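Okay, so the sequence shown: first residue is 1 according to the UniProt record's numbering, each after it adds one.
So the structure is just underneath, and the comments pick up after that.
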Amino acid sequence: MPIDIQHVFAEKGVEVITIPMNRTVFQPHKSLEHEYDWIFFTSVNAVKYFDFTQLNQQAKILAIGNQTTKTLQELGYSVDFQPKEGFSEGLVEEWLRLVGAKQRVFWPHSFQARRVIYNALARQGHVVLEQVIYRNEFFPEDQARLQKLIMNETIDYVLFASPSAWTSFSKTIRTFKQLPENFWSQLTIAAIGPVTARVIEKEQHVAIQPDIYDMPHLYERLLMEIDQENDGSL
Numbered sequence: 001m002p003i004d005i006q007h008v009f010a011e012k013g014v015e016v017i018t019i020p021m022n023r024t025v026f027q028p029h030k031s032l033e034h035e036y037d038w039i040f041f042t043s044v045n046a047v048k049y050f051d052f053t054q055l056n057q058q059a060k061i062l063a064i065g066n067q068t069t070k071t072l073q074e075l076g077y078s079v080d081f082q083p084k085e086g087f088s089e090g091l092v093e094e095w096l097r098l099v100g101a102k103q104r105v106f107w108p109h110s111f112q113a114r115r116v117i118y119n120a121l122a123r124q125g126h127v128v129l130e131q132v133i134y135r136n137e138f139f140p141e142d143q144a145r146l147q148k149l150i151m152n153e154t155i156d157y158v159l160f161a162s163p164s165a166w167t168s169f170s171k172t173i174r175t176f177k178q179l180p181e182n183f184w185s186q187l188t189i190a191a192i193g194p195v196t197a198r199v200i201e202k203e204q205h206v207a208i209q210p211d212i213y214d215m216p217h218l219y220e221r222l223l224m225e226i227d228q229e230n231d232g233s234l
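What follows is the structure, given as C-alpha cells:
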C-alpha cells in the first residue's frame, strides 16, 4: 500500500499491516516466436517479468486495468486497447467484439493464471501463444507473520487483490486448531473485484467491493466504509 494512502488510514485511526500473501518469482522460460497480431498484458507483473526483446513492434497491445496501462506507458509503450472490465471474462467479451479475422495472440502470464482467456479465444478459432514468465509463492516467513498476527492482534479489515491471495490466507487459517474468539464475526472482508469475490464467497462473506476493479478504488471504497462506521458510532 502506498505511503500516502497509509497516512490517510492512520488519520482515521486505522493501523495498516501489510503481509504478502504471494510474492512473484521469475519463471525460467524459452523465447517465443515474434509472429503474432496481439499481445495481452493481464497484470502489472506480466509487464514486469516480460522480456521486451520478444515484442513484435507491429503487434497491438492489450492491457487489463489502469495500473497495467500506466506501467506500459511509463516504459514507452502505447496501449491499443484496454477493456472496460478489469477481469478476464470482460476482456474476452469486449475483445471478441473488436476483432474480425482470426488472430494470433501472445499471452505472457503467471503459472497460476486462469484458463478463461485461452479457452474462450481458442473456441473462437484464434491462436493463443502462451508463455509462463512468473509464478506466485507464499513464503514461509510471510505465513509465520500472518499466524502471529491472527493469534496476537484483532483484525478488523482484510483486503484481497487476487484469488491466490485468498487461497494463501485460507490455507493459513486451516493451520489453527482453534481461531481467536469472534475472529470471523469481527472481520470485514474486501475484494478487488468479482473474480476474487467469487472465490472468497465459497467460504466467507465479502462485504466490500469497488465498482472499478483496481487497488486505488478498493482503498477508496474501504475508506468510505470506515467513515460510515465512524459516523454511525457518534
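Glycine included, each C-beta is placed from N, C-alpha and C at the ideal position.
Only a predicted model underlies this, so the values are computations on that prediction, with no experimental measurement involved.
Boundaries (first-last residue) of the beta strand (DSSP E) holding residue i
| i | result |
| --- | --- |
| A190 | 188 to 191 |
| W107 | 104 to 110 |
| V158 | 157 to 160 |
| I39 | 38 to 41 |
Residue i, DSSP secondary structure in three states
| i | result |
| --- | --- |
| E130 | strand |
| residue 255 | This structure leaves residue 255 out entirely; the chain is present only between 1 and 234. |
| I19 | coil |
| E181 | coil |
| N136 | strand |
| T24 | strand |
| I208 | strand |
| F87 | coil |
| F52 | helix |
Cα-Cα separation, residue i to residue j
| i | j | result |
| --- | --- | --- |
| G65 | F106 | 18 Å |
| E130 | P28 | 14 Å |
| Q147 | I173 | 8 Å |
| E74 | V47 | 11 Å |
| W95 | A144 | 42 Å |
| V132 | D231 | 47 Å |
| M151 | F9 | 23 Å |
| F50 | L32 | 11 Å |
| V44 | V195 | 17 Å |
| T154 | P210 | 24 Å |
| S164 | H34 | 31 Å |
| F160 | Y213 | 12 Å |
| V127 | E15 | 48 Å |
Burial state of residue i (16 or more Cβ within 10 Å)
| i | result |
| --- | --- |
| W166 | buried |
| F169 | buried |
| V25 | exposed |
| T69 | buried |
| P140 | exposed |
| H7 | exposed |
| G193 | buried |
Residue range of the unbroken alpha helix (DSSP H) whose run includes residue i
| i | result |
| --- | --- |
| F9 | 3 to 11 |
| I200 | 194 to 200 |
| I173 | 163 to 173 |
| R123 | 116 to 123 |
- Message: So, does the stretch 87 to 102 touch the stretch 115 to 126, judging by three or more C-beta pairs under 8 Å?
- Response: Three or more beta-carbon pairs drawn from the stretch 87 to 102 and the stretch 115 to 126 are found closer than 8 Å, and the two stretches are therefore classed as touching.
- Is the number of C-beta pairs between the stretch 23 to 42 and the stretch 94 to 110 that are closer than 8 Å three or more? Verdict: yes, contact present.
- With contact counted as at least three CB pairs below 8 Å, one residue from each stretch, are the stretch 186 to 195 and the stretch 203 to 210 in contact? Contact between the stretch 186 to 195 and the stretch 203 to 210 is present, because at least three Cβ pairs lie under 8 Å.
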